[in-house]
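Sequence lines, in order, name chains A and B.
Residues are numbered in our numbering as their position in the first sequence, beginning at 1, plus a constant of 106.
Residues are numbered in our numbering as their position in the second sequence, beginning at 1, plus a constant of 106.
Beneath this line is the structure, given in structure tokens, with notes to follow.
There are 2 protein chains.
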Amino acid sequence: MRIIKKVSEMKALCTEIKLKQSGTSKAPAKKSNSIGFVPTMGALHQGHISLIETVKLHSDFIVVSIFVNPLQFGVAEDLNAYPRNIEIDIELLKSIGIDALFIPDTEEIYPEGYNTYIELPNLSNVLCGKSRAGHFRGVCTIVCKLFNIVIPDIAVFGEKDAQQAIIIKKMVADLNLGVKIITIPTVREPDGLAMSSRNVYLSPQERKEATILYQSLQMAKNLITNGERDTRKIKAQMHALISSSQTAKIDYIEIVRKNTLVSLDTLDTLSSELLIAIAVWFGKTRLIDNITVSC
Amino acid sequence: MRIIKKVSEMKALCTEIKLKQSGTSKAPAKKSNSIGFVPTMGALHQGHISLIETVKLHSDFIVVSIFVNPLQFGVAEDLNAYPRNIEIDIELLKSIGIDALFIPDTEEIYPEGYNTYIELPNLSNVLCGKSRAGHFRGVCTIVCKLFNIVIPDIAVFGEKDAQQAIIIKKMVADLNLGVKIITIPTVREPDGLAMSSRNVYLSPQERKEATILYQSLQMAKNLITNGERDTRKIKAQMHALISSSQTAKIDYIEIVRKNTLVSLDTLDTLSSELLIAIAVWFGKTRLIDNITVSC
């Protein structure tokens with residue numbers, strides 16, 4: 107596993123791999139030497155391992171990045187506290203077997219005077235984007251930069267960050283980036299809590315109570331399966347259930363059309379998939395979760 | 107010359123060329139099969155021809171695009187009136203000899219629901235960006251998209267649009283796009299007027315008076331060469347000269363540091379290059395011009 111810190115070195119390596127994909131116009135790309143990419147912020151857990159296992163199924167040269175992206179954190183958010191376990195992460199990635207790990211410094215990614223940003227206003231001003239101003243601007247900017255450096259054929263993201271995955275797919279299509287985006291289901295603890303690097307922040311009581319997130323999503327799904335079509339009633343029941351937890355403070359509970367993230371009052375005329383998404387504070391820790399429902 | 111209207115076809119062709127650049131890791135790219143690109147809005151004139159002649163000196167496979175980009179026009183601007191001479195442009199490009207002309211429809215570039223934008227706030231809120239809200243957001247977005255479709259090694263822009271060239275260079279660096287940007291000097295009519303597709307809008311009187319633009323820039327340069335360091339005095343003299351024209355209405359006269367576009371009051375401590383930039387209305391036509399001065 108090569109460990110690379112410089113943009114120029116990472117881009118040169120990936121360009122070299124890319125040029126091996128097909129030597130001549132008469133030999134169309136056979137998906138050999140395809141580049142698969144998993145961007146992460148480190149503090150790797152089983153969810154990240156699943157992303158990497160998935161990308162290995164679809165590509166030949168595997169690149170993982172670890173970069174805690176300051177641009178996606180708000181001023182009052184947990185940038186400095188965000189868990190960093192780089193040595194443990196490196197050992198884990200070596201044991202999984204990847205080809206290159208990209209761990210640039212902040213100055214390498216955002217040198218002095220950096221001033222270019224990517225925005226998707228419609229998809230970014232709802233759900234987490236409403237609570238975290240500028241968050242998706244930061245996400246899109248770093249992902250676009252990393253895609254331009256790693257030049258992947260395929261990149262894999264987790265469905266736990268559903269809005270992020272939807273926005274990245276849209277950005278890739280809109281900007282003609284030519285990267286295939288694959289998403290994989292949320293990996294959960296045995297009690298249902300979605301795996302997240304931020305779970306380490308939770309106190310024992312908060313950790314115990316955080317299982318209410320997935321329970322509320324399953325309750326919502328059951329209500330819909332049993333015929334409930336009024337999203338206000340569904341959200342009210344979710345609100346009541348989550349509020350029964352002593353430490354939970356709800357940021358949002360939303361039921362939206364999955365492809366547009368537009369909020370829905372009733373589900374009667376719905377043909378596309380639904381996303382039920384929640385964000386809840388447990389003490390100083392903000393957790394998110396979601397499920398997709400067809401109805 | 108291939109004429110291509112579809113994004114997928116253009117990207118496939120350029121990807122094929124790109125993969126010919128170097129077949130193996132042991133044969134590093136020799137700049138053979140390099141892709142050179144000139145994005146235009148059509149209504150081609152001698153300025154565009156110079157761009158294409160320049161790109162031909164530096165690359166092997168030459169792509170020109172013609173796309174009147176609605177995203178860079180304000181609601182009250184001249185999108186509908188903008189000159190379109192596609193048949194004449196095609197004949198001209200055939201006679202120059204390029205490899206591919208990309209002429210996508212608006213729907214091909216901005217399909218329904220399009221929602222991704224690139225912004226460089228610091229460089230875009232001055233000079234033309236101050237008068238034309240959203241203009242550089244539109245420019246950056248289309249140039250980034252076209253770069254992702256054409257995958258050029260080199261792209262050439264004119265120094266007449268000085269702010270545009272500076273912003274594009276910055277975007278390319280910030281987003282790690284890996285395209286070499288070359289700029290070439292403004293091509294002028296014999297009487298000094300900078301060539302522009304918009305010059306066709308001018309009435310005979312306006313056309314005659316528009317020569318005052320370049321005259322005012324040369325006057326400013328002479329003042330600096332002769333030791334004037336107070337930019338307010340220089341701008342006041344330019345203002346007086348341009349105002350002597352009956353039809354001219356000044357949008358802006360600015361003297362800025364070329365790399366940052368920051369306005370300067372005095373030139374005493376200056377080490378970097380200066381940009382003297384003006385925008386002036388002649389009737390319904392807004393013209394821009396600029397010169398670079400070292401002092």
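Backbone N, C-alpha and C fix where the C-beta goes; we use that ideal spot for every residue, glycine too.
I need the straight-line Cα distance from R363(A) to K236(A), nearest angstrom please.
Using only the alpha carbons, I get a separation of about 17 Å.
With DSSP collapsed to three states, give me the class of N221(B).
Coil, per DSSP.
Which same chain residues, not among the five before or five after R190(B), have their C-beta less than 8 Å away from its C-beta?
Result list for R190(B): G148, A149, V174, in chain order.
Hey, is Q178(B)'s beta-carbon within less than 9 Å of any beta-carbon in chain A?
Not closer than 9 Å to any Cβ of chain A, the Cβ of Q178(B) fails to qualify, so no.
Excluding five sequence neighbours on each side, which residues of the same chain lie with their C-beta closer than 7 Å to the C-beta of S156(A)?
The residues are I290, V293.
Check the Cβ of N231(A) against every Cβ in chain B and list those closer than 7 Å, keeping chain order.
In chain order: nothing, as chain B lies at least about 11 Å away.
Who are K355(A)'s beta bridge partners in DSSP?
For K355(A), which the question treats as bridged, DSSP gives the partners W387(A).
Cα-Cα, which of V113(B), A342(B), Q324(B), Y320(B) is closest to E213(B)?
Comparing Cα positions, the closest option is V113(B).
So, for S322(A): in the same chain, excluding its five sequence neighbours on each side, which residues have a beta-carbon less than 7 Å away from its beta-carbon?
Excluding positions up to five away in sequence, the list reads M344, L347, I348, I384.
Taking the straight line between their C-alpha atoms, what separation do you get for L380(B) and N396(A)?
Distance between the alpha carbons of L380(B) and N396(A): 54 Å.
Residues of the stretch 211-226 of chain A with a CB closer than 7 Å to any CB of chain B: list them in chain order, please.
So the list reads Y220, N221, T222, Y223, I224, E225, L226, given in the order they occur along the chain.
Taking C-beta pairs closer than 7 Å, name the residues in chain A that N228(B) reaches, listed in chain order.
Under the 7 Å cutoff, chain A gives N221.
Quick one: residues in its chain with C-beta nearer than 8 Å to the C-beta of Q311(A), no 5 flanking neighbours on either side, listed in chain order?
Hits under 8 Å: Q352, T353.
L308(A) to S230(A), Cα distance in whole Å?
Going by the C-alpha atoms only, they are around 27 Å apart.
DSSP three-state label for L380(B), please.
Strand, per DSSP.
Going by DSSP, what residue range makes up the beta strand (DSSP E) through D373(B)?
Rather than Asp, the amino acid found at residue 373(B) in this sequence is Leu. Where L373(B) is concerned, there is no enclosing beta strand (DSSP E), given that its DSSP letter is neither H nor E.
Counting only beta-carbon atoms, is C246(B) nearer than 9 Å to chain A?
Answer yes: the Cβ-Cβ gap between C246(B) and chain A drops below 9 Å somewhere.
Among all the DSSP beta bridges, which residues are the ones paired with F208(B)?
Paired residue(s): I110(B), S171(B).
Could one say the Cβ of K286(A) lies closer than 9 Å to chain B's Cβ atoms, at least one of them?
No, because no Cβ of chain B sits closer than 9 Å to the Cβ of K286(A).
With a threshold of 8 Å, are at least 3 pairs of Cβ atoms found where one atom belongs to the stretch 162-173 of chain B and the other to the stretch 200-214 of chain B?
Touching, yes.
Does any residue of chain B have a CB that is nearer than 9 Å to the CB of D205(A)?
It does not: the Cβ of D205(A) has no partner Cβ on chain B nearer than 9 Å.
Could you check whether the Cβ of C250(B) sits closer than 9 Å to any Cβ belonging to chain A?
Yes, because at least one Cβ of chain A sits closer than 9 Å to the Cβ of C250(B).
Are at least three pairs of beta-carbons, each pair with one atom in the stretch 241-255 of chain A and one in the stretch 185-199 of chain A, less than 8 Å apart?
Contact fails: fewer than three Cβ-Cβ distances are below 8 Å.
Give me, in chain order, the residues of the same chain whose beta-carbon lies closer than 8 Å to that of A271(A); leave out the 5 immediate sequence neighbours on both sides.
F263, G264, E265, I287, T289.
Can you tell me where the beta strand (DSSP E) holding P145(B) begins and where it ends?
Here the beta strand (DSSP E) through P145(B) covers 141-146.
Comparing the C-beta of R108(A) with each C-beta of chain B, is any distance below 9 Å?
It does not; no Cβ of chain B falls within 9 Å.
Would you please state the rounded distance, in angstroms, between the beta carbons of D205(B) and R108(B)? I believe it to be under 8 Å.
Correct: roughly 7 Å between the Cβ atoms.
Return yes when the Cβ of P227(B) is within less than 9 Å of the Cβ of Y223(A), no when it is not.
Their beta carbons are under 9 Å apart, which means Y223(A) touches P227(B) by this criterion.
Hey, how far is the Cα of T405(A) from the Cα of N305(A)?
Outside the displayed range of chain A (107 to 401) lies residue 405(A), so it cannot be described from this structure.
Give me the Cα-Cα distance between L185(B) and Y220(B), rounded to the nearest whole angstrom.
Going by the C-alpha atoms only, they are around 19 Å apart.
Quick one: which unbroken beta strand (DSSP E) runs of 3-plus residues sit fully inside the stretch 269-294 of chain B? Chain order, please.
Correct list: 286-290.
So, helix, strand or coil for M335(B), using DSSP?
Reading off the sequence shown, one finds Arg at residue 335(B), where the question assumed Met. Of the three classes helix, strand and coil, the one that applies to R335(B) here is coil, per DSSP.
Quick one: is N175(A) near chain B, going by C-beta distance under 9 Å?
So, not an interface residue.
Going along chain A, which residues have a C-beta under 8 Å from K117(B)?
Here the neighbours are N282, G284.
Nearer than 8 Å: is that true of the beta carbon of M325(B) relative to any heavy atom of the ligand NAD?
The model on display carries no ligand, and the ligand NAD is accordingly not part of it.
With I394(A) and C234(A) assumed to form a contact (beta carbons below 8 Å), what rounded beta-carbon distance in angstroms separates them?
Indeed, because the Cβ distance is near 6 Å, the residues count as touching under 8 Å.
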